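*Asks:* First, the structure itself, so that you have it in front of you.
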Amino acid sequence: MTSHLRQNLHNHTRFSDGRHTVEQLIEEARRRHLTALGVSDHFFTRKVYRRTDVAEWCRSALPAYLQMADEARRQAPRELKVWWGLEIDSCFDRIGTDLAGLPWPALNRLDYLLFEYVGEPGHGGMPFERLHELSQHCRIPVILAHPDPTQWEETLPIDRAFAIVRECGVALEVPGGRRNPRRWGPNDVARLAGVPLTIGCDTHESIADVGAIDGVVQFLVDHGLVGQVTDPDRLGPPRGGNE
Ligand SMILES: [Zn+2]
Numbered sequence: 000m001t002s003h004l005r006q007n008l009h010n011h012t013r014f015s016d017g018r019h020t021v022e023q024l025i026e027e028a029r030r031r032h033l034t035a036l037g038v039s040d041h042f043f044t045r046k047v048y049r050r051t052d053v054a055e056w057c058r059s060a061l062p063a064y065l066q067m068a069d070e071a072r073r074q075a076p077r078e079l080k081v082w083w084g085l086e087i088d089s090c091f092d093r094i095g096t097d098l099a100g101l102p103w104p105a106l107n108r109l110d111y112l113l114f115e116y117v118g119e120p121g122h123g124g125m126p127f128e129r130l131h132e133l134s135q136h137c138r139i140p141v142i143l144a145h146p147d148p149t150q151w152e153e154t155l156p157i158d159r160a161f162a163i164v165r166e167c168g169v170a171l172e173v174p175g176g177r178r179n180p181r182r183w184g185p186n187d188v189a190r191l192a193g194v195p196l197t198i199g200c201d202t203h204e205s206i207a208d209v210g211a212i213d214g215v216v217q218f219l220v221d222h223g224l225v226g227q228v229t230d231p232d233r234l235g236p237p238r239g240g241n242e
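Each step along the sequence shown adds one to the number in numbering that gives the first Met the number 0, with nothing skipped, and position 35 is 34.
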């Protein structure tokens, strides 16, 4: 199995609120010599889809997305690994359903899920402890998108939060691109020990974000974290932790 350091697993297309097509993302990824790309449009959330609700979105948009994924997998370019995921807003008020009510049989046909705002009360995200529940439903790898440990600390000791990440076997995204601040610094390296890591740029408007991973790669190299870089082929589904 190839390991992909030059990866970007967080990219939106016109399907949700991105500006570009999948073909444009793939072309840019190849131009910037990435070896792996993840398409991760938004699952239903009121912050993105204003004219529908979760039930209608799951009836119409989700099957179309899964079909796009199947077609793209059949036409995958040889030089670039492409995985298909979705980004789920963990503020369930904005989704209109809870974890158990998500359409898991359909979601589990994807390659991975990003969850945003986990443990971030400022964004209404689900509490960290609920990551344990994912193992009851989710059969595919989970990555926490643009994690903000300064918010985690508002509700539980930071070491406990990192312990839950390890127990549950979820990965943390190290953000590249211009949209999310680089929150990880040299002082975090000890905390990140043993935690699976991915790179994601949260591409929306700027095509240049697809390949904007060099700063992250340098950070990972400088701090001996390259061995922790994972991807949807390597990372298993979430575990239940202490159950
Ligand atoms: Zn995103």
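Using N, Cα and C, we set each Cβ at its ideal position, and we do this for glycine too.
Remember, it's a predicted structure, so these values are computed and weren't measured experimentally.
#1: Is it true that the region 75-86 meets the region 122-135, where meeting means three or more beta-carbon pairs spaced less than 8 Å apart?
#2: Is THR149 helix, strand or coil when you go by DSSP?
#3: Could you check if GLU204 belongs to the surroundings of ligand 1, using beta carbon to heavy atom distance under 7 Å?
#4: Using only CA atoms, which one of ARG181, ASP201 and LEU219 lies nearest to ALA189?
#5: I need the residues with a C-beta less than 5 Å from some heavy atom of ligand 1; please give them in chain order.
#6: Strictly by DSSP, which residues pair up with HIS41?
#7: Determine the extent of the beta strand (DSSP E) in which GLU172 is found, giving its start and end residues.
#8: Over the uninterrupted beta strand (DSSP E) stretch that includes LEU113, give me the two end residues.
#9: Does GLY199 come out as helix, strand or coil in the three-state DSSP assignment?
#10: Quick check on LEU98: does DSSP put it in helix, strand or coil?
#11: Look up GLN66 in the DSSP assignment and give the residues it is bridged to.
*Replies:* Taking the definition as stated:
#1: Short answer: they don't touch.
#2: Here residue 149 refers to the residue found at position 150 when the sequence shown is read from its first residue. THR149: helix per DSSP, three-state reduction.
#3: The sequence position of residue 204 within the sequence shown is 205, counting from 1. It does not: the Cβ of GLU204 is nowhere closer than 7 Å to a heavy atom of ligand 1.
#4: Locating residue 189 in the sequence shown gives position 190, counting from the first residue. Considering only alpha carbons, the answer is LEU219.
#5: GLU86 and ASP201
#6: Reading the sequence shown from its first residue, position 42 is the one you call residue 41. Looking at the DSSP assignment, HIS41 forms a beta bridge with GLU86.
#7: For the purposes of this step, residue 172 is taken as residue 173 along the sequence shown, with counting starting at 1. Residues 170-174.
#8: Position 114 of the sequence shown, counted from the start, is the residue given in the question as residue 113. 111-115 is the span of the beta strand (DSSP E), which, as asked, contains LEU113.
#9: What you label residue 199 is simply residue 200 of the sequence shown in a count that begins at 1. GLY199 falls in the strand class under three-state DSSP.
#10: On the sequence shown, position 99 is the one that residue 98 refers to. Helix, per DSSP.
#11: If you number the sequence shown from 1, residue 66 lands on position 67. The partner list for GLN66 (beta bridge, DSSP) is empty, contrary to what the question assumes.
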